[in-house]
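*Asks:* Dropping the structure in here first, questions after.
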Amino acid sequence: MPQTPRIKLEGLARRFGPRWAVARVDLDLEPGSSWMLTGANGSGKSTLLRCLATALRPHQGRLQYGDRDLWTHRNAIRPEIAYLAHQLHLYDDLSQRDNLKVWARMGNLKSDIDALLRRVGLDPARTDPVRALSAGMKRRLALARILLKSPRLLLLDEPFGALDPDGRQLVVDVVREIQSEGATLVLATHLPTSARHVCSQAVVMESGQITWRGLAGDLP
Amino acid sequence: MIRQTLAVLRKELLVEWRDRSRISGLFFFAMAIVLLVAFASPSEAILARQAGGILWIGLLLASTRSLDQSFATEMEHGALEGLLLWPVDSRSIFYGKALANTLILLCVALAIVPLLFGMYGAQMRGSPTLLLAFLVMGCAALGAPGTLFGGIVAQARGSSVLLPLLLFPLVVPAVLAAAKGTTVVMEGDPMGQGGSWLALLVAFNALHWSLSGLFFGRVLEDG
Chain A
1 MPQTPRIKLE GLARRFGPRW AVARVDLDLE PGSSWMLTGA NGSGKSTLLR
51 CLATALRPHQ GRLQYGDRDL WTHRNAIRPE IAYLAHQLHL YDDLSQRDNL
101 KVWARMGNLK SDIDALLRRV GLDPARTDPV RALSAGMKRR LALARILLKS
151 PRLLLLDEPF GALDPDGRQL VVDVVREIQS EGATLVLATH LPTSARHVCS
201 QAVVMESGQI TWRGLAGDLP
Chain B
1001 MIRQTLAVLR KELLVEWRDR SRISGLFFFA MAIVLLVAFA SPSEAILARQ
1051 AGGILWIGLL LASTRSLDQS FATEMEHGAL EGLLLWPVDS RSIFYGKALA
1101 NTLILLCVAL AIVPLLFGMY GAQMRGSPTL LLAFLVMGCA ALGAPGTLFG
1151 GIVAQARGSS VLLPLLLFPL VVPAVLAAAK GTTVVMEGDP MGQGGSWLAL
1201 LVAFNALHWS LSGLFFGRVL EDG
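Protein chains in written order, with this note's numbering: chain A, 1 to 220; chain B, 1001 to 1223.
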């Protein structure tokens, strides 16, 4: 497994039309570090995460992944990134097992699908389509999907949303498991209390800019 | 890339098999067009001569429904973005989806052709193999540019209106060749035109299957 590289954001900016969703953000993510992004709706957390996930091209600034530019080398770096987005990247017409099989096949990843489903608290025997699952169960399935990979950079956008207390604890456990392998974590959330269990650093965003940074325990 | 293309194709067919509403909807849509023309036509003799053209008009109109729905499935939970970030090569996404769309259209075409013989009184004076070649090449000629333009309009509002506006002018030569070729197979080919129409379809497919695969990555990636 490759070493987790240092990730540097220098003056990173991204706009939608005339509005800058992320404006001049500087961050230095040490290998294995864990960061919480928090802030009000529309503060730029998800856009920043999507830039890190290579879903969006930054319009200004630099985004270095080790010694490589993340956007330029995105195809080579993407296998090292796992991204749990707002949109869960699932197929509604397929069962939970079919969904995981499809994603495993796409990435040529070997995994015990039933064990993975049990790991996230889903019943492997269930065969109805994903559209019949509750929002929380869909989120658990999306979590199982990212567990197919062994990521170096784990990006989670509101991972605690729609989950019950057991589900939130599951997210914490899964994230700790991935962190124990040296992955860097960036997590965007409105629920700092849950995120503090897995994040040591915190950043508060407002209007696309970082307005506070420090230890997660010191978060105002 | 080939492994990922096959994985995308398999996924497309699995989604289709689990739902089955797309292919059955397409079949009934194409059949409705064939039936409406049959009812509207003043004479059976004219119908038999027009069977090839009506088949391809039905398939062309049905293809827009199919191609639109192909991307609607991907957009529901942002799965298309998920494929790109997993990562799956954009060319694999294109070729997997285009092959699946071609196969689905071909199934509809194969189901409609017997209706033309039964209802329109169409004859089979040429080779059935040549008819099959026209069906395969014609469906492929709708599948490749249709998948490219389906991807382009997928994120736009009113994609079901935009897709035919973009697609129809582009595929006119292919539909013309497929309709003429199908007609000469059914009516007989004393002048030996079938080969020329098939060659035009092969050239159209070679161009569009290669260029669309190259451009598809630019359609998917953030600009």
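Cβ coordinates follow ideal geometry from the N, Cα and C atoms, glycine included.
Let me know the secondary structure DSSP gives Lys-1011(B) once reduced to three states.
*Replies:* Here residue 1011(B) refers to the residue found at position 11 when the second sequence is read from its first residue. Lys-1011(B): helix per DSSP, three-state reduction.
*Asks:* In whole angstroms, what separates the C-alpha of Glu-10(A) from that of Gln-87(A)?
*Replies:* For the purposes of this step, residue 10(A) is identified with residue 10 of the first sequence, where counting begins at 1. For the purposes of this step, residue 87(A) is identified with residue 87 of the first sequence, where counting begins at 1. Distance between the alpha carbons of Glu-10(A) and Gln-87(A) is about 27 Å.
*Asks:* Quick check on the DSSP output: what are the complete beta strand (DSSP E) runs of length 3 or more inside the segment 134-214 of chain A, in order along the chain?
*Replies:* 153-157, 184-188 and 201-206
*Asks:* Here's the rule I'm using: 16 or more other beta-carbon atoms within 10 Å means buried, otherwise exposed. How should Asp-1089(B) be labelled?
*Replies:* Residue mapping note: residue 1089(B) aligns to position 89 of the second sequence, counting from 1. It counts as buried.
*Asks:* Looking at C-beta atoms only, is the number of pairs between the segment 32-44 of chain A and the segment 71-78 of chain A that lie closer than 8 Å three or more?
*Replies:* No, the segment 32-44 of chain A does not touch the segment 71-78 of chain A.
*Asks:* Report the rounded CA-to-CA distance for Gly-1121(B) versus Val-1113(B), giving the unit in angstroms.
*Replies:* For the purposes of this step, residue 1121(B) is identified with residue 121 of the second sequence, where counting begins at 1. For the purposes of this step, residue 1113(B) is identified with residue 113 of the second sequence, where counting begins at 1. Between Gly-1121(B) and Val-1113(B), the C-alpha separation is close to 11 Å.
*Asks:* When we look at the beta-carbon of Ile-1152(B) and count the other beta-carbons within 10 Å, is it buried (16 or more) or exposed?
*Replies:* As a working mapping, residue 1152(B) is identified with position 152 in the second sequence. Classification for Ile-1152(B): buried.
*Asks:* Which residue comes first and which comes last in the alpha helix (DSSP H) that contains Ala-82(A)?
*Replies:* By 1-based counting over the first sequence, the position of residue 82(A) is 82. It is not in any alpha helix (DSSP H) - Ala-82(A) instead sits in the beta strand (DSSP E) that spans 81-84.
*Asks:* Quick one, which of Gly-1158(B), Thr-1183(B), Ile-1093(B) and Thr-1064(B) has its alpha-carbon nearest Leu-1214(B)'s?
*Replies:* By 1-based counting over the second sequence, the position of residue 1214(B) is 214. Out of Gly-1158(B), Thr-1183(B), Ile-1093(B) and Thr-1064(B), Ile-1093(B) has the C-alpha closest to the C-alpha of Leu-1214(B).
*Asks:* Is it the case that the Cβ atoms of Leu-1060(B) and Val-1184(B) are separated by a distance below 8 Å?
*Replies:* Numbered from its first residue, the second sequence carries residue 1060(B) at position 60. Numbered from its first residue, the second sequence carries residue 1184(B) at position 184. No, they are not a contact pair.
*Asks:* Should His-73(A) be flagged as near chain B, meaning a C-beta pair shorter than 8 Å?
*Replies:* Here the question's residue 73(A) lines up with position 73 in the first sequence. No, no contact with chain B.
*Asks:* Thinking C-alpha only, which one of Arg-19(A), Thr-72(A) and Arg-24(A) is nearest Gln-209(A)?
*Replies:* Within the first sequence, the letter at position 209 stands for residue 209(A). Checking every option, the nearest Cα to that of Gln-209(A) belongs to Arg-24(A).
*Asks:* By DSSP's criteria, Ala-13(A) is part of a beta bridge. Which residues make up the other side?
*Replies:* Translated into positions along the first sequence, residue 13(A) becomes position 13. Answer by DSSP bridge pairing, in chain order: Gln-60(A).
*Asks:* I'd like to know if Gly-1181(B) contacts chain A, where contact means its C-beta is closer than 8 Å to some C-beta of that chain.
*Replies:* The residue given as residue 1181(B) occupies position 181 in the second sequence. Not one chain A Cβ lies under 8 Å of Gly-1181(B).
*Asks:* Measuring straight from C-alpha to C-alpha, what distance separates Gly-66(A) and Pro-58(A)?
*Replies:* Counted from its first residue, the first sequence places residue 66(A) at position 66. Counted from its first residue, the first sequence places residue 58(A) at position 58. Straight-line Cα distance between these residues: approximately 17 Å.
*Asks:* DSSP puts Met-36(A) in a beta bridge; with which residues?
*Replies:* For the purposes of this step, residue 36(A) is taken as residue 36 along the first sequence, with counting starting at 1. Paired residues: Leu-187(A) and Ala-202(A).
*Asks:* Please report the residue range of the alpha helix (DSSP H) in which Trp-103(A) lies.
*Replies:* For this step, residue 103(A) is matched to residue 103 along the first sequence. That run of the alpha helix (DSSP H) goes 96-106.
*Asks:* Consider the Cβ of Asp-128(A): report whether some Cβ of chain B lies at a distance smaller than 8 Å.
*Replies:* Sequence index remark: in the first sequence, residue 128(A) carries index 128 (1-based). Taking Cβ atoms only, chain B never reaches closer than 8 Å to Asp-128(A), which makes this a no.
*Asks:* Starting from His-190(A), find everything on chain B with Cβ-Cβ shorter than 7 Å and list it in chain order.
*Replies:* Your numbering for residue 190(A) matches position 190 in the first sequence. The premise fails here: His-190(A) is roughly 20 Å from chain B at the closest Cβ pair, so nothing lies under 7 Å.
*Asks:* Which residues mark the beginning and the end of the alpha helix (DSSP H) in which Trp-1056(B) is found?
*Replies:* The count along the second sequence starts at 1 and reaches residue 1056(B) at position 56. 1044-1075 is the extent of the alpha helix (DSSP H) around Trp-1056(B).
*Asks:* Hey, how far is the Cα of Pro-1190(B) from the Cα of Ala-1206(B)?
*Replies:* Start at 1 with the first residue of the second sequence, and residue 1190(B) comes out as number 190. Start at 1 with the first residue of the second sequence, and residue 1206(B) comes out as number 206. The straight-line gap from Cα to Cα measures roughly 28 Å.
*Asks:* At a CB distance below 8 Å, what residues from the segment 1011-1024 of chain B approach chain A? Give them in sequence order.
*Replies:* Lys-1011, Leu-1014, Val-1015, Arg-1018 and Asp-1019
*Asks:* Cβ atoms of Ser-1212(B) and Ala-1144(B): under 8 Å apart, would you say?
*Replies:* The count along the second sequence starts at 1 and reaches residue 1144(B) at position 144. The count along the second sequence starts at 1 and reaches residue 1212(B) at position 212. Contact flag set, yes.
*Asks:* Just checking: is the beta-carbon of Gln-1004(B) within a distance shorter than 8 Å of some beta-carbon in chain A?
*Replies:* Residue 1004(B) sits at position 4 when you count from the first residue of the second sequence. Yes, its Cβ sits closer than 8 Å to a Cβ of chain A.
*Asks:* Hey, does Thr-1147(B) have any beta-carbon neighbour from chain A nearer than 8 Å?
*Replies:* To locate residue 1147(B), count along the second sequence from 1; it is residue 147. No, Thr-1147(B) lies away from the interface with chain A (no Cβ there is under 8 Å from its Cβ).
*Asks:* Which term fits Glu-181(A), buried or exposed, when burial requires 16 or more other beta carbons within 10 angstroms of its beta carbon?
*Replies:* Sequence index remark: in the first sequence, residue 181(A) carries index 181 (1-based). Around the beta carbon of Glu-181(A), fewer than 16 other beta carbons sit within 10 angstroms, so the residue counts as exposed.
*Asks:* Which one or two residues does DSSP pair with Pro-129(A) in a beta bridge?
*Replies:* Within the first sequence, residue 129(A) is the residue found at index 129, counting from 1. Answer by DSSP bridge pairing, in chain order: Ser-95(A).
*Asks:* Looking at Leu-52(A) and Leu-185(A), is the spacing between their C-beta atoms short of 8 Å?
*Replies:* Translated into positions along the first sequence, residue 185(A) becomes position 185. Translated into positions along the first sequence, residue 52(A) becomes position 52. Taking 8 Å as the Cβ cut-off, Leu-185(A) and Leu-52(A) do not qualify as a contacting pair.
*Asks:* Helix, strand or coil: how does DSSP classify Arg-74(A) here?
*Replies:* If you number the first sequence from 1, residue 74(A) lands on position 74. Assigned with DSSP and collapsed to three states, Arg-74(A) falls in helix.
*Asks:* Our contact map puts Asp-93(A) next to Thr-1147(B) with C-beta atoms below 8 Å; I'd like the distance itself, whole angstroms only.
*Replies:* By one-based count along the first sequence, residue 93(A) stands at place 93. By one-based count along the second sequence, residue 1147(B) stands at place 147. Not confirmed; about 19 Å, so no contact.
*Asks:* Answer yes if the segment 99-116 of chain A comes into contact with the segment 1098-1116 of chain B, meaning at least three C-beta pairs across the two stretches below 8 Å, and no otherwise.
*Replies:* no
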